[in-house]
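One structure is given below, encoded as structure tokens.
2 protein chains.
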Amino acid sequence: MPINKLPRGVAIVGAGMSKFGAFPDKNGRDLFVEAYKEMTRSVDKGLDPSAIECFYLGNFSSDLFERQGHTAPLLADAVGLTPIPAARVENACASGATALRQGVIAIASGLYDVVLVGGAEKMTNLPTADVTDTLATAADVPFEIAAGFTFPGFYAAIATAYMARYGMKPEHLMNVAIKNHDNGALNPKAQFGVTIQKWMEGRVAAALKKGKPAPAWSDIWDFLHDDSANPMVAWPLRLFDCSPITDGASAVLLVAEERVREFTDHPIRILGSAQASDAALHDRADLTSLPAAKLAASRAYEMAGVTPKDIRIAEVHDCFTIAEVVASEDIDFFAPGEGFKAAEDGMTAREGAKPINTSGGLKSKGHPVGASGVAQAVEVWKQMRVEAGERQVPGDVPLAMTHNVGATGSTCVVHIYERRD
Amino acid sequence: MPINKLPRGVAIVGAGMSKFGAFPDKNGRDLFVEAYKEMTRSVDKGLDPSAIECFYLGNFSSDLFERQGHTAPLLADAVGLTPIPAARVENACASGATALRQGVIAIASGLYDVVLVGGAEKMTNLPTADVTDTLATAADVPFEIAAGFTFPGFYAAIATAYMARYGMKPEHLMNVAIKNHDNGALNPKAQFGVTIQKWMEGRVAAALKKGKPAPAWSDIWDFLHDDSANPMVAWPLRLFDCSPITDGASAVLLVAEERVREFTDHPIRILGSAQASDAALHDRADLTSLPAAKLAASRAYEMAGVTPKDIRIAEVHDCFTIAEVVASEDIDFFAPGEGFKAAEDGMTAREGAKPINTSGGLKSKGHPVGASGVAQAVEVWKQMRVEAGERQVPGDVPLAMTHNVGATGSTCVVHIYERRD
Chain A
40 MPINKLPRGV
50 AIVGAGMSKF
60 GAFPDKNGRD
70 LFVEAYKEMT
80 RSVDKGLDPS
90 AIECFYLGNF
100 SSDLFERQGH
110 TAPLLADAVG
120 LTPIPAARVE
130 NACASGATAL
140 RQGVIAIASG
150 LYDVVLVGGA
160 EKMTNLPTAD
170 VTDTLATAAD
180 VPFEIAAGFT
190 FPGFYAAIAT
200 AYMARYGMKP
210 EHLMNVAIKN
220 HDNGALNPKA
230 QFGVTIQKWM
240 EGRVAAALKK
250 GKPAPAWSDI
260 WDFLHDDSAN
270 PMVAWPLRLF
280 DCSPITDGAS
290 AVLLVAEERV
300 REFTDHPIRI
310 LGSAQASDAA
320 LHDRADLTSL
330 PAAKLAASRA
340 YEMAGVTPKD
350 IRIAEVHDCF
360 TIAEVVASED
370 IDFFAPGEGF
380 KAAEDGMTAR
390 EGAKPINTSG
400 GLKSKGHPVG
410 ASGVAQAVEV
420 WKQMRVEAGE
430 RQVPGDVPLA
440 MTHNVGATGS
450 TCVVHIYERR
460 D
Chain B
40 MPINKLPRGV
50 AIVGAGMSKF
60 GAFPDKNGRD
70 LFVEAYKEMT
80 RSVDKGLDPS
90 AIECFYLGNF
100 SSDLFERQGH
110 TAPLLADAVG
120 LTPIPAARVE
130 NACASGATAL
140 RQGVIAIASG
150 LYDVVLVGGA
160 EKMTNLPTAD
170 VTDTLATAAD
180 VPFEIAAGFT
190 FPGFYAAIAT
200 AYMARYGMKP
210 EHLMNVAIKN
220 HDNGALNPKA
230 QFGVTIQKWM
240 EGRVAAALKK
250 GKPAPAWSDI
260 WDFLHDDSAN
270 PMVAWPLRLF
280 DCSPITDGAS
290 AVLLVAEERV
300 REFTDHPIRI
310 LGSAQASDAA
320 LHDRADLTSL
330 PAAKLAASRA
340 YEMAGVTPKD
350 IRIAEVHDCF
360 TIAEVVASED
370 IDFFAPGEGF
380 KAAEDGMTAR
390 EGAKPINTSG
400 GLKSKGHPVG
410 ASGVAQAVEV
420 WKQMRVEAGE
430 RQVPGDVPLA
440 MTHNVGATGS
450 TCVVHIYERR
460 D
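Protein sequences appear in the order of chains A and B. In terms of this note's numbering, the first sequence opens at residue 40 and continues consecutively. In terms of this note's numbering, the second sequence opens at residue 40 and continues consecutively.
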């Protein structure tokens with residue numbers, strides 16, 4: 040086994056993303072161009088695009104969502120980067136971070152110094168039921184989908200297993216939703232730039248405007264327990280436990296350490312990068328943790344030479360609220376069975392000891408599948424450079440982590456970042 | 040620009056492939072398991088699977104062909120390789136060689152010593168028209184498919200442009216078909232293990248058996264000009280100018296140079312690896328050559344430090360007969376406009392000066408899209424190790440090349456191999 044160490048330093052010197060949301064008039068290419076343009080503007084000393092030598096794209100299924108394959112060279116051409124090598128990387132919802140990791144590896148190899156990593160997904164073309172079916176292709180189809188599962192059901196199974204073992208109640212999960220919408224409300228790129236409180240008030244105002252009686256919600260908890268306001272999707276998961284269907288794209292520019300100063304004096308170094316795979320959910324003994332996430336996190340910590348205590352913030356894969364709770368334990372921020380209590384106690388809020396998903400997470404920022412892993416790196420870039428505006432966490436962010444999961448954890452990719460001015 | 044040199048040697052120490060063909064009872068996973076098993080058996084000193092550290096899969100669209108995404112970890116799990124990192128790489132018909140290149144880069148980076156590279160595609164589930172539509176997603180869909188193109192049309196446009204410039208006749212292309220079927224007839228893994236001569240004789244025998252009059256073909260040229268035997272697909276391309284729809288999988292094992300002797304004393308070293316992208320066909324000034332192929336080939340030659348004269352054999356991307364003619368020029372085996380004459384003169388036959396597609400090529404061996412690029416490496420492995428049986432080329436094969444194209448050349452990946460006992 041070779042040494043778990045990057046033989047060559049790699050840093051992010053630019054990062055950008057499109058607005059996340061539903062954009063009927065834009066395709067994946069349009070969205071990627073937006074992300075790419077913001078990335079170029081973010082490079083402190085300016086970017087000559089001819090410096091870019093290679094491109095990796097994270098994309099889950101432009102095939103099924105847009106009936107467009109061979110996406111990487113098309114996007115490279117759309118931003119004028121032909122004839123550099125371009126490759127699409129697919130690992131379901133972890134496609135973005137898997138692409139980021141290929142970029143890191145490509146620079147580590149010495150073959151390239153400057154690598155563009157993008158993520159893109161255009162999902163809202165399809166009717167919602169078809170999106171659910173398309174996302175279901177990320178599972179072990181002949182074994183799981185044939186048995187009637189789709190993703191809300193998978194994560195509901197994880198939630199019930201977790202509840203049974205650790206005594207969590209469904210209400211605990213709402214703390215995650217409330218916190219992530221609080222954060223997303225301060226993120227101008229988020230799909231749902233609104234707190235759940237404001238959402239509720241909007242529903243009341245809309246009812247009154249139509250001359251209907253105001254709904255009898257005395258507070259946000261009433262609202263989240265109301266089957267009409269927050270319908271059950273797959274018990275115990277309700278609508279506000281689920282991330283949305285989203286169009287969006289993201290981009291970061293990676294540069295070999297010795298050339299970083301050509302681009303910026305405020306790079307974000309990638310200190311750790313690790314990935315692991317696992318059998319599909321139907322073939323696992325325990326559902327309360329994702330072994331691939333635990334393994335990827337421990338390898339990333341080892342590569343970076345840091346401990347969970349050292350990490351100031353993390354963007355984790357909250358495709359469902361329960362996924363954030365499990366993630367917060369898999370990355371060893373909290374002990375098994377403690378993650379839901381940490382969320383309840385405000386430990387993972389912006390002002391808490393271990394802020395998680397300051398961007399709003401997949402839950403509120405949105406989850407354009409292949410773009411999400413790279414968008415996590417964009418948030419880390421902004422927080423570490425103190426450019427996150429109203430949602431900036433207090434104090435320094437010297438070290439951060441991203442955690443990106445494919446399907447129910449058949450893939451997990453973890454990165455650790457260091458501010459190195 | 041970093042130096043175009045692999046900082047760490049990489050060699051193939053095992054290679055295998057499934058039978059190529061139409062297998063209604065097998066899915067992509069079954070086929071990959073076959074390829075993987077043959078690869079493990081080919082490792083001279085035996086393979087402990089726990090030595091494998093990382094997996095790249097070339098696959099074009101399991102999404103559309105099988106409604107299965109997230110294919111890499113599923114296949115890794117099917118052969119017992121969980122929890123190693125697994126990633127799918129997609130670049131249309133160049134997915135296989137793009138995956139191979141990621142494997143080379145991963146070892147070059149020093150992060151891994153032993154990397155499995157696979158390719159798989161299960162295409163025959165769908166009706167033929169749907170396969171054509173699925174393959175069409177590899178083009179620039181909003182610009183090209185909306186205008187009515189599918190792939191036979193694209194390559195017909197390339198053929199007509201080439202004919203107009205160089206005076207080639209449609210009959211010249213049949214030399215490529217005849218030669219590749221001659222080779223494929225000697226490849227037990229080929230989808231069409233039969234020469235066109237035998238094919239014709241079979242048609243005559245079948246007619247007589249049914250009590251019908253024997254078709255009036257006096258020779259193979261009559262046969263290939265007969266609209267019922269060899270129907271026009273997209274002028275000037277007939278049925279025998281086109282590669283088939285195929286199910287199949289392939290696998291090679293890559294090892295860092297310093298560990299090669301643990302696995303074999305007869306490794307095949309990867310001396311050059313290069314990739315380039317291009318705009319889609321509709322946006323190019325000239326159709327008689329693929330700029331991405333020329334660039335990838337020249338960079339691979341540069342990395343390997345060899346010239347076209349040094350290369351003994353090549354497996355090139357003959358999705359259509361015209362593609363082989365153009366490829367033989369793009370890799371600089373022949374001057375522009377000379378490729379069709381070289382095929383006519385037998386230069387590219389097994390006994391010729393520059394054998395091309397000794398495996399039968401995509402044309403006769405079959406073209407399971409994502410598997411093809413890796414299967415090219417499997418053929419090179421066999422020829423260089425003098426294990427190609429009846430189709431073995433005469434004399435030594437110290438240097439070989441593979442050339443894998445995505446779509447109409449929006450991607451091209453070229454590798455150069457050296458026998459290093």
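Note that beta-carbon positions come from the ideal geometry of N, C-alpha and C, so glycine has one too. Nothing here was measured: the structure is a model prediction, and the numbers come from that model.
In the structure shown, B:Glu426 falls within a coil segment according to DSSP collapsed to helix, strand and coil.
In its chain, beyond the 5 residues on either side, Pro347, Lys393 have a beta carbon closer than 6 Å to the beta carbon of B:Phe372. Every alpha helix (DSSP H) of 4 residues or more that sits fully in the stretch 218-273 of chain B is shown, in chain order, as 235-248, 259-264. Sequence-distant Cβ neighbours of B:His321 in its own chain, meaning closer than 6 Å and more than five residues away, are Phe182, Glu183. Beta-bridge pairing by DSSP links A:Arg300 to no other residue. Nearest C-alpha to A:Ala198 among A:Asn130, A:Leu212, A:Thr189: A:Leu212. Straight-line spacing of the CA atoms in B:Leu401 and B:Ala410 works out to 10 Å. Against B:Thr137, the close residues of chain A are Ala126, in the order they occur along the chain (beta-carbon pairs closer than 8 Å). B:Leu326 and A:Thr173 have their C-alpha atoms roughly 36 Å apart. Look at the stretch 97-115 of chain A: the residues with a C-beta under 7 Å from a C-beta of chain B are Phe99, Ser100, Asp102, Leu103, Arg106, Gln107, Gly108, His109, Ala111, Pro112, Leu113, Ala115. With fewer than three CB-CB distances shorter than 8 Å, the stretch 266-277 of chain B does not count as touching the stretch 132-147 of chain B.
In this structure, B:Tyr75 is the residue among B:Val156, B:Phe104, B:Tyr75 with its C-alpha nearest to the C-alpha of B:Ala117. Between B:Ser449 and chain A, the shortest Cβ-Cβ separation is below 8 Å. For the pair B:Val143 and A:Asn396, the Cα-to-Cα distance works out to about 35 Å. B:Ser398 and B:Lys421 have their C-alpha atoms spaced approximately 10 Å apart. Looking from the CA of B:Tyr205, the closest CA among B:Pro375, B:Met56, B:Arg300 belongs to B:Pro375. When the alpha-carbon of A:Trp260 is set against those of A:Ile146, A:Phe279, A:His442, the nearest one is in A:Phe279. CA-CA distance, B:Ser328 to B:Lys218, rounds to 22 Å.
When CB distances to chain B are screened at a threshold of 7 Å, the residues of the stretch 152-177 of chain A falling below it are Asp152, Thr176, Ala177, in chain order. Beta bridge pairing from DSSP links B:His442 with B:Val453. In the displayed model, A:Tyr151 falls within coil according to three-state DSSP, outside both helix and strand.
Between B:Ala133 and B:Ala111, the CB-CB gap reaches or exceeds 8 Å. Of all residues in the stretch 215-234 of chain B, none comes within less than 8 Å of chain A when Cβ atoms are compared. Between the stretch 431-448 of chain B and the stretch 286-300 of chain B, the count of Cβ pairs shorter than 8 Å is below three; the stretches do not touch. Straight across, the Cα-Cα distance linking A:Pro306 with A:Val419 is about 12 Å. Within the stretch 363-397 of chain A, not one residue has a Cβ closer than 9 Å to any Cβ of chain B. Between A:Val345 and A:Ile235 a beta carbon distance of about 34 Å is seen, past the 8 Å cut, so the two are scored as non-contacting. In this model, B:Lys208 and A:Phe104 are separated by some 41 Å (Cα to Cα). Look at B:Thr189: its C-beta is not under 8 Å from any C-beta on chain A. Shown here for B:Val72: same chain residues with a beta carbon closer than 7 Å to its own, the five before and five after excluded, namely Ala117, Val118 in chain order. In the structure shown, A:Val294 adopts extended strand secondary structure according to DSSP, grouped into three states. Residue pairing by DSSP leaves B:Gly344 without any beta bridge partner. When only Cα atoms are considered, B:Leu225 and B:Val233 end up about 8 Å apart. A:Val452 is the residue among A:Met386, A:Thr285, A:Ala332, A:Val452 whose C-alpha sits nearest the C-alpha of A:Ala416. Rounded to whole angstroms, the separation of the alpha carbons of A:Ala178 and A:Gly187 is 11 Å. Contiguous alpha helix (DSSP H) elements confined to the stretch 67-149 of chain B occur at 67-81, 101-105, 110-117, 134-147, taking only those with 4 or more residues.
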